[in-house]
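Asker:
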Amino acid sequence: MARWWRIILKDIIKGLKKLTDEGESRQWMEDIRGNLAMVATVIATVTFQTGLNPPGGVVQNGDHGNVSCSKMVKSGGGNYQCPGISVIAGGERAFQFSVFVTFNNLSFASSLLACFFLVSGVPLRKPLAILLMAVDMCFSLGALGIAYCVGVFMTEPQNISFVRHLSIMISVITFFAIVVFYLLFRLLITFKEFLKGNQIIHAAPSSAIAPSLELI
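Its first residue numbered 142, the sequence shown is counted upward by one per residue in this note's numbering.
1) Let me confirm a value: Gly225 is counted as buried when at least 16 other C-beta atoms fall within 10 Å, else exposed. Which label applies?
2) Name the DSSP bridge partner or partners of Val199?
3) Could you compute how far the alpha carbon of Phe316 sits from the alpha carbon of Ser308?
4) The alpha helix (DSSP H) spanning Asn176 covers which residue range?
5) Taking DSSP as the reference, what is the three-state secondary structure of Ser312?
6) Among the residues of its own chain, which have a CB less than 6 Å from the CB of Ser252, if the five just before and after it don't count?
7) Taking the straight line between their C-alpha atoms, what separation do you get for Phe236 and Phe294?
8) Sorted by chain position, which residues of the same chain lie with C-beta nearer than 8 Å to Phe322's C-beta, five sequence neighbours on each side aside?
9) According to DSSP, is Leu265 part of a helix, a strand, or is it coil?
10) What number of angstroms, rounded off, separates the C-alpha of Ser248 from the C-alpha of Gly292?
11) Check the C-beta distance from Ala318 over to Cys256 and give it rounded, since I have them as a contact under 8 Å.
12) Measure the alpha-carbon distance for Glu276 versus Leu324 and round it to whole angstroms.
13) Find the nearest neighbour of Pro196 within the set Ser312, Tyr289, Ala270, Met310, judged by alpha-carbon distance.
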């Protein structure tokens, strides 16, 4: 019985070989269009909910239902917090909250862009379209990962174990390494097909229009 990691590695190599094949790569992207739409929709839903309901909650109304703004004292002065405003945004970790919101919004916007391309009927059989979709989805997942890390650091107490923080950082760095490797691999495939198209153009000038449109 083969080891489990050998089976996984064999499947990964088999998948990479399919990506290097022009016809297999294009057909693969068309086949997983529905899966890409589902992933993009889930990311958009998660980031939308997190943006409107931030970590730590929001300032609530007073005990008697009044909507007066309370003053939260922090280093460097006070900041008035009205009901509905994020609690962390007015505290000592306001900068971390800004970083969290920024990457959460970036992930939300890129996932919406992916949803738009997928539902608009843009064909995913061209190398350039495949590359753009891969970059957009990887960017959305990367921004979501950064937002998660910042959110964890933002809501946990300062005396939390360093090992726990380190484990999260290692996980995210590993994820980004895999994403960068895939993007470089995808870019090399697109560049290879582009060079192949140029060779066809130089070999047959009379039919140069069709190959030139293959990457569009």
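Using N, Cα and C, we set each Cβ at its ideal position, and we do this for glycine too.
Answerer: Looking at the coordinates:
1) exposed
2) Ser227
3) 12 Å
4) 174-193
5) helix
6) Ala181, Ile184, Ala185, Ser281
7) 12 Å
8) none
9) coil
10) 14 Å
11) At roughly 27 Å, the Cβ-Cβ gap does not stay under 8 Å, so Ala318 and Cys256 are not in contact.
12) One detail in the question is off: residue 276 reads as Val in this sequence, not Glu. Roughly 7 Å between the two C-alpha positions.
13) Tyr289
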